[in-house]
Each structure stands twice: as structure tokens, then as C-alpha cells.
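Have a look at the structure below before the remarks.
Number of protein chains: 2
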Amino acid sequence: MVVDRSVEALNEACRSRGIRLTGQRKAISEVMARAQDHPSATDIHELVTRKHPRISLATVYRTLSVLRDAGIVEEHRFGEGRCHYELADGPHHDHLIDAETGQIVEFTDPEIERLQHAIAERLGYRLTGHKLELYGVRAGDADQG
Amino acid sequence: MVVDRSVEALNEACRSRGIRLTGQRKAISEVMARAQDHPSATDIHELVTRKHPRISLATVYRTLSVLRDAGIVEEHRFGEGRCHYELADGPHHDHLIDAETGQIVEFTDPEIERLQHAIAERLGYRLTGHKLELYGVRAGDADQG
DNA sequence: ACCTCAGTTGCGAATTGTTCGCAGCTGGTG
DNA sequence: CACCAGCTGCGAACAATTCGCAACTGAGGT
Chain A
11 MVVDRSVEAL NEACRSRGIR LTGQRKAISE VMARAQDHPS ATDIHELVTR
61 KHPRISLATV YRTLSVLRDA GIVEEHRFGE GRCHYELADG PHHDHLIDAE
111 TGQIVEFTDP EIERLQHAIA ERLGYRLTGH KLELYGVRAG DADQG
Chain B
11 MVVDRSVEAL NEACRSRGIR LTGQRKAISE VMARAQDHPS ATDIHELVTR
61 KHPRISLATV YRTLSVLRDA GIVEEHRFGE GRCHYELADG PHHDHLIDAE
111 TGQIVEFTDP EIERLQHAIA ERLGYRLTGH KLELYGVRAG DADQG
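Pasting the structure below:
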């Protein structure tokens, strides 16, 4: 799923798009590159403070917006209030959220992608984006009945 | 898509669940019954004020929560910040949001429902809920090139 | 190495959407 | 018709995100 997670690749992606490389941005890229989950802005802020104790949450938000607009990170709004972020460095995928633990599982399904386009077309629209989230509990777990 | 939209049916649904029927709640039910779109809490508040000029936005939120928990209305979080509400009085459907106008089109697709279950199963989960939103622009409109 | 300045940052305050605390009110039951 | 659990209005509290502004800093040119 991950094509290239090196910080240098992210920095290069920024340079190529004319995004100035500051210490804060490099630190955020580093955190994003390491992240195995889908951290929120405050999660990221907390992690980045290890390297940049005085970095502001606003800067984290601003940087994430810049990276989002550049197509380098993806922003997700799962269920509740806050946004979650992940690198957009692999092929498209959707998410299944464990309703009990909040754990997020990534998956792809070409069939469902195709269907979404077909549905939009059927309704007279050209698909420009979509959001598919599945919520579930681990099969065979205690809460079955 | 709509099975029964009469205010009396909603009131009865409340009574049968032990939800006390106040003037405010009846007015909110009335607004929801009439709504052809997917109004936000403030939309609903604004409409309800016609009948109850002193109703508080907090009451609207509280009532919507009560109705949501009772399974009488559904709460959606499309793209941006605020929640949108609709009666849960028909069969399940998903939404396509016009990326330009914000207009919401409802649709159902048994195939996609089936696929979602299949995917969850494949990942070792039992599907308990899902969210599918398509974003698109009207095909053949100006912004094609 | 140094200058320059547009772009970036930190701070705290503003915004937006939603919820809470509490004193007063009210539906529906006896 | 009285009672009281549950409901309401109000304004304040909250949470996530954005903004305004003065100070700072990368990276290109010299």
C-alpha cells in the first residue's frame, strides 16, 4: 500500500511544488512518514513537539492544509469531530473502522470503485470524489448475540 | 422512498417510545416531515421559529439527538462541519452531493450494499454500519475542460 | 558569506457547530 | 387539579479549526 515513505521523498515533493521547506514542515513530514495509523492534527502536533517544542498547533493545521492542497496528504473526517490525516503516497483506498476499538483498516476494491462511477453516471453526474467508510466489529467476537 | 411522512405518525412514534410530546417537539417533527432536503440544525431552527419564536437552538439539537437515538431521524456529516438531518422513515439509501451546488441526490444500489458486506467479511468483520457519499458535478456542464 | 523579502511562524483571539448547567416551566398521570 | 420527571431557554462552555498580525527565516541572487 505504501509506495515511498521516506522523508526525503516528501521533501522533494514539496520542493517540486514550490512549498518552502522549513524546519517545522520537515518535522511534520517526518511524523507523517512514520505514522502507521491515521493521526489527528493534535496527535501530529504532540509528536512534532518532540523535535520542535515551540511549534504551534496552527502551524500544524496550516502545513497539513498546504500538503493536502498539494495532494501530498489526505484529510479524512471519520464519524466524529476531528480530521485524520495520512500520506497520499499509494493507490486509492477506503477505510473500515472497528466500531469497538476505533482501529482503522485500509482496503481497496476495484469493483466498488467501478460501481460508484456507474451510479454517478446513472444519476447524470461525473464523479469527482467519494467517501466510503465501513463500520464493523470483528467477526466471531464476544458481542455476537 | 418516503413511506409515511405525516406528523401524526411521527408523534405516534415518539409516544410509543415514551418521548414526551411538547409543542417544540411537535413543531420540529412537522418541519422534518415537510423537509424535502437534508436540513442542518440551524435550518431547522430557523423554520421552527415561525411557529415557536422563542425556541432555542439548544432545544433543536436536543430534540434531534432524542429522535436520532430513537431511530426516527438520521444524522449525516457531509463534507464540511455541520450535521444534516432527515427522517429515517424509508429504506436505506446513500447520497450523491453536487460538488458545485451542494444539492443532495439520494440513491440506492443493492449491488454496492452487497459488496460492502462482502468486503467487511473478507477483512474479518461483521458490518454494523457504513457511510457512502459520492461527490460529483453534473455531466455535460460547463466546467468540463 | 550576506541581503532581501515573500512566505512562514507563534501567539492569542475569533469562528463555527454543538453541548452543558441551571433555574423555571409543562405534559400527562393519578 | 396537583405533582414532578422531564423539557426548555438562556448564556456560558467546549472542541476543532482558522485568522490577524508582528516577528522571523529559507533560498536565490550577489
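Protein chains in written order, with this note's numbering: chain A, 11 to 155; chain B, 11 to 155.
From the three backbone atoms N, C-alpha and C, an ideal C-beta is built for every residue, glycine too.
For residue i, name the three-state secondary structure that DSSP assigns.
i      : result
A/K61  : coil
A/R25  : helix
B/H55  : helix
A/A45  : coil
A/S66  : coil
A/L99  : A small correction: the amino acid at residue 99 of chain A is Asp; Leu does not occupy that position in the sequence shown. In this structure, A/D99 counts as coil in the three-state DSSP scheme.
B/R132 : helix
A/D2   : With chain A covering 11 to 155 only, the question about residue 2 of chain A has no answer from this structure.
Which residues in chain B have a C-beta closer than 8 Å to the C-beta of residue i? List them in chain order.
i      : result
A/H94  : Result: empty, since nearest Cβ-Cβ is about 13 Å, beyond 8 Å.
A/R148 : G134, Y135, R136
A/A109 : T138, G139
Below 8 Å CB to CB, which residues in the same chain sit around residue i once its five sequence neighbours on both sides are set aside?
i      : result
A/H103 : M11, E116, F117, T118
A/A130 : R136, L137
B/S16  : A43
B/R92  : S50, A51, T52
Quick one: does residue i have its CB under 8 Å from some CB of chain B?
i      : result
A/H48  : no
A/G139 : yes
A/A43  : no
A/A19  : no
A/A37  : no
Say whether chain A places a C-beta atom closer than 8 Å to the C-beta of residue i.
i      : result
B/D119 : yes
B/A98  : no
B/R87  : yes
What does residue i reach in chain A if we use C-beta pairs closer than 8 Å?
i      : result
B/I122 : I122, L125, Q126, I129
Opposite residue i in the DSSP bridges: which residues?
i      : result
B/K141 : A/E143
A/R148 : B/Y135
Check the Cβ of residue i against every Cβ in chain B and list those closer than 7 Å, keeping chain order.
i      : result
A/Y145 : T138, G139, H140
A/L106 : A130, L133, Y135
Excluding five sequence neighbours on each side, which residues of the same chain lie with their C-beta closer than 7 Å to the C-beta of residue i?
i     : result
B/P49 : H94, Y95
B/G81 : A98
Chain A partners of residue i, CB-CB under 7 Å?
i      : result
B/V83  : Within 7 Å Cβ-Cβ: nothing; B/V83 doesn't reach chain A, min ~17 Å.
B/V115 : L133
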